[in-house]
Every structure is written in structure tokens, then in C-alpha cells.
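Undergrad: First residue of the sequence shown? That's 390 in the working numbering, and the numbers climb one at a time after it.
Sharing a structure here in C-alpha cells format.
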Amino acid sequence: MTDSASRLTEPVSPLTDTFGRRHTYLRIALTERCNLRCTYCMPAGGVDLLPRHHQLTFEEIIRLSGLFARLGVTKIRLTGGEPLVRKDVPALAAALSRLPGVETLAMTTNGLLLDRHLDTLHAAGLRLLNISLDTLQADRFQAITRRPGLEKVIRNVDLTLGAGFDAVKLNCVVMRGVNDDELADFARFGAERDIEVRFIEYMPFGGNGWDHDAFVPYKDMLSTLQSAFPAMHPLNDGPHETAKTWCIPGFRGRLGFITSMSEPFCGGCNRIRLMTDGNLKVCLFGRGETSLRDAMRAGATDDELSILIDLAVTGKKAAHAGMTALATQDDRPMIRIGG
Ligand code: SF4
390 MTDSASRLTE
400 PVSPLTDTFG
410 RRHTYLRIAL
420 TERCNLRCTY
430 CMPAGGVDLL
440 PRHHQLTFEE
450 IIRLSGLFAR
460 LGVTKIRLTG
470 GEPLVRKDVP
480 ALAAALSRLP
490 GVETLAMTTN
500 GLLLDRHLDT
510 LHAAGLRLLN
520 ISLDTLQADR
530 FQAITRRPGL
540 EKVIRNVDLT
550 LGAGFDAVKL
560 NCVVMRGVND
570 DELADFARFG
580 AERDIEVRFI
590 EYMPFGGNGW
600 DHDAFVPYKD
610 MLSTLQSAFP
620 AMHPLNDGPH
630 ETAKTWCIPG
640 FRGRLGFITS
650 MSEPFCGGCN
660 RIRLMTDGNL
670 KVCLFGRGET
680 SLRDAMRAGA
690 TDDELSILID
700 LAVTGKKAAH
710 AGMTALATQD
720 DRPMIRIGG
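Here it is in C-alpha cells:
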């Protein structure tokens, strides 16, 4: 552990917190707008949308991303809301992938608009796509997202699999009594598809009505799937990998589990988040935020912004506060964080 005093004497790589975690992965929420209304993300009453002039502009996103890349960020993920509702995404993706130091450009999308952008996103250098899909049943899709669209998303998943991206993953938030009986169906969805189906533990965010009864821990998901697929076995995961991955012999796809509540993986965290309003959040569940937008608009130089970023990263806690504490913590709804 390096405290701020020793940071002055021992050169510490930028974007490294006091636990020695180097943050090389920036998630940028491009918009708070979305064409779906998922129950675990968007509060029932919706959210007051950020006025456009409060949102980071194209130029501000590029400037900040360039700075983060100079500080050591090598991977950028575009999130939202739904990033593809933002009209300038292809141009933004192209500009981001040209930034020196950026090795990987990724996106998390609900897949509804993917067919319109696949070629331009690929041409722009985007290589990793995560598609959110929480059910394979049309009526449940409507119930969870408050909109129709299941067939379109599945069609776009298959289009994406054939479009030459390095990896395509499916993100499925598992909720008891909502979709926890579809785990085996989702696993079979990957039988003939080269896709990683990731089961995400349900997380508490502002206004999403999270309660412990609806929470399905990793070990329960795993035992359900092991009963259906006894030969399934774990794969070796990288140090910063958020998912615990498993494979079912004979299946083209893999399974992944995001266990941030029951088995947090904060020790290897390399992620920081830039939100639509320009606030920097160094932890998904951290309360502290730093407005890089206001500093930029007040004329801050890149060196001054770097100091703000360093202070934020230095203040990052070792881990999140734990599921029960998070459930009572007043925080942003997920739609305003970008996951
Ligand atoms: S909860 Fe915070 S520290 Fe833990 S893995 Fe997520 S972002 Fe990193």
C-alpha cells in the first residue's frame, strides 16, 4: 500500500491507486438516453434527462480520452444509456480508436440498433461487443425492458457474430422469480454460437427496487447449471477479468459469471468511469465523483486535469461496501452511471 506521502518520493505510475491497482480501462457513458426501460437500470418513474449542454461534447470526450490514454488507459468501453442512440457514435468511435495508446475499443449495447451500425463500428475500429439480453421469452422481454424487441435483438446478435468482431458477449442480469429459470436455455443459446453468455448478479442501484429476495448468488446459478450440464468445467481467467468463465464440452460458446455482490473482484480492479455529465467515478459503487467537465470548462490545463484524476484515483477504496450496505446506499440509478 502506498500512501500519498510516499507517492511524492517513489514514482508511481499514473492511474495507480494506493493499493497498487493500475487503471487501464476507461468506461465512458455517452448518453443517459435509452430506447428501453429495463427495470434494474431505469427507475419506474424514469429519470430527468440531463440538459444537452450539461453533457460532454464530442470534443470534450476526445480530449479527456486522449489524456487518459497518455496516463495509461489502453481499453475504452462505450456505454450509456444506449450508446447507439447518440448520432455521432461512429465518428466518435473512429476518433477514439485513433488515439495513441488506445489498443482496444469496446461497446455495451442493448442490440436493438446494431444492424444499422455494425459495418461503421467495425470500420471505426471497435472490436468487442457486449449485448444486454435478460430473457429469451418475448413476454418477459416486454416485462423487463418495458418495450418489445426480443426478436430484433436476437437477430442482431447473430448478425454481429458474423461481422468479424474479436468477441461478442451476452450480458444477462439474473433476478429470482424473473428469469432465473432460463439459465440452461441461455447456456444452450451458446451451444452453436461462438459467444460468451455472462450471468450478472443483480446489483443495487438508485431506484431499481433491489431486494435480497430477488438476488441469485453465483453459487446458486452454478449449481443449477451443473445439474443441467454436469460436464461443465471452469476456464482460466486473466487477473483483471471480471467474469468467472466456464465451458460446456461440445458447446461453441462459453459461460461467464459476474459475481460483484457474492464474490467481489475488487482486488484486481482496473476500471474507472467517465459519465455523461463529465463526472469521474473511480468505483462503480463509490460515492465520490470529480467533475472533469466543470474543470475543463473553467479552463483547466491537461496537467491540472491530471492532478484531479490522480487525486480521485488515490482516494479509491480497496473494495465496495458490501451488498447489504450498498442496498441502502443512496446512489445514482444505473442509467446515469453506464454500468
Ligand atoms: S466495485 Fe468498484 S472496486 Fe470493485 S470491481 Fe467494481 S469498480 Fe472495481
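Just so you know, even glycine gets a beta-carbon here, dropped at the ideal spot from N, CA and C.
Computed from a predicted structure; not experimentally measured.
By DSSP's criteria, C636 is part of a beta bridge. Which residues make up the other side?
TA: Counting from 1 along the sequence shown, the entry for residue 636 is found at position 247. H622, R643, per the DSSP bridge assignment.
Undergrad: Determine, using beta carbons only, whether T420 and R466 come nearer to each other than 7 Å.
TA: Translated into the one-based positions of the sequence shown, residue 420 becomes position 31. Translated into the one-based positions of the sequence shown, residue 466 becomes position 77. It is not a contact, given that the beta carbons lie outside the stated cut-off.
Undergrad: Near H709, what residues of its chain come up, given a Cβ to Cβ distance below 8 Å and the 5 sequence neighbours on each side ignored?
TA: Here residue 709 refers to the residue found at position 320 when the sequence shown is read from its first residue. Same-chain partners within the cutoff: S649, P653, C655, C672, L673, F674, G675, L715.
Undergrad: Taking I520 as the reference, give the member of V557, F575, T534 with the closest Cα.
TA: Position 131 of the sequence shown, counting from 1, holds the residue named residue 520. Of V557, F575, T534, the residue nearest in Cα terms is V557.
Undergrad: In this structure, what does DSSP give as the bridge partners for R660?
TA: Along the sequence shown, one-based indexing puts residue 660 at 271. Beta-bridge pairing links R660 to Y414.
Undergrad: Between V586 and L559, is the Cβ-Cβ spacing less than 7 Å?
TA: What you label residue 586 is simply residue 197 of the sequence shown in a count that begins at 1. What you label residue 559 is simply residue 170 of the sequence shown in a count that begins at 1. Against a cut-off of 7 Å, the Cβ pair of L559 and V586 comes out as a contact.
Undergrad: Quick one: does the C-beta of R725 sit closer than 6 Å to a heavy atom of the ligand SF4?
TA: In the sequence shown, the residue the question calls residue 725 occupies position 336. No - the ligand SF4 has no heavy atom lying nearer than 6 Å to the Cβ of R725.
Undergrad: Which residue comes first and which comes last in the alpha helix (DSSP H) that contains T468?
TA: Taking the first residue of the sequence shown as position 1, residue 468 is located at position 79. Where T468 is concerned, there is no enclosing alpha helix (DSSP H), although the beta strand (DSSP E) it sits in stretches over 464–468.
Undergrad: Taking 6 Å as the cut-off, is the beta-carbon of R422 closer than that to any non-hydrogen atom of the ligand SF4?
TA: Residue mapping note: residue 422 aligns to position 33 of the sequence shown, counting from 1. R422 Cβ: outside cutoff for every heavy atom of the ligand SF4.
Undergrad: Taking 6 Å as the cut-off, is the CB of H629 close to at least one heavy atom of the ligand SF4?
TA: Residue 629 sits at position 240 when you count from the first residue of the sequence shown. Because no heavy atom of the ligand SF4 lies under 6 Å away, the Cβ of H629 does not count as near it: no.
Undergrad: Which full runs of the beta strand (DSSP E) of 3+ residues lie inside the segment 424–506, going along the chain?
TA: As far as the segment 424–506 is concerned, its whole beta strand (DSSP E) runs of at least 3 residues are 464–468, 493–498.
Undergrad: Using the Cα positions of R641 and E581, report the straight-line distance between them to the nearest angstrom.
TA: Position 252 of the sequence shown, counted from the first residue, corresponds to residue 641. Position 192 of the sequence shown, counted from the first residue, corresponds to residue 581. For R641 and E581, the distance between alpha carbons rounds to 6 Å.
Undergrad: Closer than 8 Å by C-beta to D555: which residues in its own chain qualify, once you throw out the five before and the five after it? Chain order, please.
TA: Position 166 of the sequence shown holds residue 555. Result list for D555: R516, L517, in chain order.
Undergrad: Alpha carbon to alpha carbon, what distance is there between G538 and S616?
TA: Locating residue 616 in the sequence shown gives position 227, where the first residue counts as 1. Locating residue 538 in the sequence shown gives position 149, where the first residue counts as 1. Distance between the alpha carbons of S616 and G538: 31 Å.
Undergrad: Answer yes or no: do T634 and I647 have a C-beta to C-beta separation smaller than 7 Å?
TA: Looking up residue 634 in the sequence shown gives position 245. Looking up residue 647 in the sequence shown gives position 258. Cβ distance not < 7 Å, so T634 and I647 don't count as in contact.
Undergrad: Going straight from the alpha carbon of N545 to that of D692, what length do you get?
TA: For the purposes of this step, residue 545 is taken as the residue at position 156 of the sequence shown. For the purposes of this step, residue 692 is taken as the residue at position 303 of the sequence shown. One C-alpha to the other measures close to 43 Å.
Undergrad: Closer than 8 Å by C-beta to M390: which residues in its own chain qualify, once you throw out the five before and the five after it? Chain order, please.
TA: Translated into positions along the sequence shown, residue 390 becomes position 1. Any reading at M390 is ruled out, since the residue's pLDDT is 44, under 50, leaving its predicted position unreliable.
Undergrad: Applying the 10 Å Cβ sphere with the 16-neighbour rule, what's the burial state of A512?
TA: On the sequence shown, position 123 is the one that residue 512 refers to. Exposed, since its Cβ has fewer than 16 Cβ neighbours within 10 Å.
Undergrad: Exposed or buried, I696, counting other C-beta atoms within 10 Å across all chains shown (16 or more means buried)?
TA: On the sequence shown, residue 696 is found 307 positions in, with the first residue counted as 1. Looking at its Cβ environment, which holds fewer than 16 other Cβ atoms inside 10 Å, I696 is exposed.
Undergrad: Cβ of T413 within 7 Å of Cβ of V462?
TA: The residue given as residue 413 occupies position 24 in the sequence shown. The residue given as residue 462 occupies position 73 in the sequence shown. Taking 7 Å as the Cβ cut-off, T413 and V462 qualify as a contacting pair.
Undergrad: Using the beta-carbon count (16 or more within 10 Å), is T665 buried or exposed?
TA: On the sequence shown, position 276 is the one that residue 665 refers to. T665 is buried by the Cβ-count criterion.
Undergrad: Listed in chain order, which residues are found with a beta carbon closer than 6 Å to a heavy atom of the ligand SF4?
TA: S649, P653, F654, C655, C658, R660, C672, L673, F674, A708, H709
Undergrad: Is DSSP giving V702 helix, strand or coil here?
TA: Your numbering for residue 702 matches position 313 in the sequence shown. Three-state result, V702: helix.
Undergrad: Let's see if you can read the secondary structure: which residues bound the alpha helix (DSSP H) around L673?
TA: In the sequence shown, counting from the first residue as 1, residue 673 sits at position 284. Taken as a continuous stretch (DSSP letters only), L673 belongs to no alpha helix (DSSP H), as it is neither H nor E.
Undergrad: Under a Cβ-count criterion, where at least 16 other Cβ atoms within 10 Å of its own Cβ denotes burial, should E571 be classed as buried or exposed?
TA: On the sequence shown, residue 571 is found 182 positions in, with the first residue counted as 1. Buried.
Undergrad: Give me the Cα-Cα distance between R416 and L681, rounded to the nearest whole angstrom.
TA: Here the question's residue 416 lines up with position 27 in the sequence shown. Here the question's residue 681 lines up with position 292 in the sequence shown. If I take the Cα positions, the gap works out to 15 Å.
Undergrad: Between which two residues does the alpha helix (DSSP H) carrying I726 extend?
TA: Numbered from its first residue, the sequence shown carries residue 726 at position 337. No alpha helix (DSSP H) contains I726, which DSSP labels as neither H nor E.
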